[in-house]
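Engineer: Let me begin by handing over the structure; questions about it come next.
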Amino acid sequence: MHTTAIAHPNIAFIKYWGNQDDALRIPMNGSLSMNLQALTTTTSVEFCEDLKQDDLVIDGQSASPEVLQRVSTFLDIIRAQMPDQHLKAIVISNNNFPMSTGIASSAAAFAALAAAASQAAGLDLDETTLSRLARRGSGSACRSIPSGFVEWQAGTCDEDSYAHSIAAPDHWALVDLIAVVSSTPKQVGSSAGHALAASSPIQKARVADCPRRLQICRTAILQRDFVTFAEIVEQDSNLMHAVMMSSTPSLLYWEPATIAIMQQVLKWRSEGLQVCYTIDAGSNVHLLCPQQDADDVEAQLQSMESIQSIYRSSVGDGVRLV
Ligand code: DP6
173 MHTTAIAHPN IAFIKYWGNQ DDALRIPMNG SLSMNLQALT TTTSVEFCED
223 LKQDDLVIDG QSASPEVLQR VSTFLDIIRA QMPDQHLKAI VISNNNFPMS
273 TGIASSAAAF AALAAAASQA AGLDLDETTL SRLARRGSGS ACRSIPSGFV
323 EWQAGTCDED SYAHSIAAPD HWALVDLIAV VSSTPKQVGS SAGHALAASS
373 PIQKARVADC PRRLQICRTA ILQRDFVTFA EIVEQDSNLM HAVMMSSTPS
423 LLYWEPATIA IMQQVLKWRS EGLQVCYTID AGSNVHLLCP QQDADDVEAQ
473 LQSMESIQSI YRSSVGDGVR LV
């Protein structure tokens with residue numbers, strides 16, 4: 173059976189960085205995010221009798237052996253639950269945004285793949301089971317399964333580590349403006365980065381303080397309190413990057429343009445614009461703002477040099493079959 177699913181990437185307000193279990197992707201701490209409606213990954217999966225190995229095409233191009241291996245390893249988890257465990261799959265995936273921009277694509281990729289492949293395999297998984305499955309492909313993908321504002325409870329094992337929605341997309345009209353400052357592929361991807369987190373002497377403190385940050389951020393979202401939200405989101409991003417920079421070896425993802433935007437965001441906020449920044453494992457900056465401030469923030473961003481492109485998104489839905 174041929175099945176297609178659509179998923180959106182998500183931007184984390186409280187970040188996932190470091191695992192209790194790298195293989196199962198059980199995180200050190202819980203995290204909180206919103207899905208990005210404007211960005212989509214559409215993935216079709218079909219298990220076939222006559223294939224010798226899995227076949228993966230992304231945006232019209234055959235995937236590299238490394239990417240194919242990661243997807244095949246993920247499909248093995250689904251195959252283990254199929255009557256015929258030897259069936260290989262044809263996977264065709266398309267993004268409506270260029271992967272080269274470094275916008276988190278693995279979350280949407282594995283959320284869409286988990287939904288399409290499990291359905292194609294004849295499994296009818298509920299949201300929690302699907303979130304647990306997507307987590308095995310990419311940790312942050314478990315947050316792209318539920319809709320809107322989503323919290324991933326860290327848990328301690330495969331069964332209790334999954335995400336759930338804390339508010340629907342229309343609960344709060346937040347906008348994410350993504351300022352792309354570099355399209356060079358990052359030197360160290362998230363998976364390798366997670367494995368370095370424990371080598372930072374401040375990771376323990378970051379993890380220990382996480383329940384406090386989650387509580388503040390969750391409450392700020394539920395009360396639509398942007399002032400509190402902005403402070404805690406920036407603090408959490410700064411803490412994660414402090415861990416990255418103080419790991420061995422050190423990870424420094426920021427470009428000069430990244431810092432220039434961070435400084436401008438602080439200045440614009442002090443002048444009355446409602447906006448804050450957050451940065452993932454890369455140099456691009458996500459500017460979060462209430463919808464009524466988004467045009468002004470976007471205009472300010474456009475006047476800055478060294479920004480290659482800007483993507484704009486409202487709060488998104490969860491994964492769905494089409
Ligand atoms: C910085 O989910 O990409 O974006 O599980 O190895 O695929 P893997 O890692 P990934 O890590 C995301 C890290 C982050 C923070 C976040 O999204 O919470």
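Residue numbers (the working numbering): 173 to 494.
Beta carbons are placed, not taken as given, at the ideal position from N, Cα and C, and that holds for glycine.
Can we say the segment 177-185 touches the segment 464-472, given the rule of at least three CB pairs closer than 8 Å?
Structural biologist: no
Engineer: Judging by CA-CA distance, which residue of A280, V243, I250 and A252 is the nearest neighbour of V263?
Structural biologist: The option with the nearest alpha carbon to V263 is V243.
Engineer: Please state whether DSSP places S418 in a helix, a strand or coil.
Structural biologist: coil
Engineer: In or out: H174 buried (at least 16 other Cβ within 10 Å) or exposed?
Structural biologist: So H174 ends up on the exposed side.
Engineer: Do Q325 and H336 have their C-beta atoms closer together than 9 Å?
Structural biologist: yes
Engineer: Ordered along the chain, which non-local residues of its own chain (more than five positions away) have a Cβ less than 6 Å from that of R315?
Structural biologist: N182, S205, V322, W324 and A335
Engineer: Tell me the residue span of the alpha helix (DSSP H) that contains E238.
Structural biologist: P237 to R251
Engineer: Express the C-alpha separation of T301 and L285 in angstroms, rounding to a whole number.
Structural biologist: 14 Å
Engineer: Tell me the residue span of the beta strand (DSSP E) that contains W324.
Structural biologist: Counting along the chain, the beta strand (DSSP E) containing W324 begins and ends at F321 to Q325.
Engineer: Within 10 angstroms of its Cβ, does H458 collect 16 or more other Cβ (buried), or is it exposed?
Structural biologist: buried
Engineer: Cα-Cα, which of G294, S234 and S265 is closest to M254?
Structural biologist: Nearest of G294, S234 and S265 to M254, Cα basis: G294.
Engineer: Verify whether the separation of the beta carbon atoms of A369 and V415 is less than 9 Å.
Structural biologist: yes
Engineer: Please classify T212: does DSSP put it in a helix, a strand, or coil?
Structural biologist: coil
Engineer: Considering only C-alpha positions, which residue in the set M412, K260, R251 and G320 is nearest to I393?
Structural biologist: G320
Engineer: So does M206 have its beta carbon nearer than 8 Å to some heavy atom of the ligand DP6?
Structural biologist: no
Engineer: Kindly examine the ligand DP6 and report whether one of its heavy atoms sits closer than 8 Å to the Cβ of W189.
Structural biologist: Inclusion of W189 in the 8 Å shell around the ligand DP6 follows from its C-beta lying nearer than that to a non-hydrogen atom of the ligand.
Engineer: Rounded to whole angstroms, what is the Cα-Cα separation between I198 and D330?
Structural biologist: 7 Å
Engineer: At which residues does the alpha helix (DSSP H) containing R307 begin and terminate?
Structural biologist: E299 to G309
Engineer: Pop quiz: V469 and V447 are said to be a contact at Cβ under 8 Å. What is the actual Cβ separation, rounded to whole angstroms?
Structural biologist: 5 Å
Engineer: Which residue wins for smallest C-alpha separation from D489, given the options R390, I482, L208 and D408?
Structural biologist: Among R390, I482, L208 and D408, the Cα nearest to that of D489 belongs to L208.
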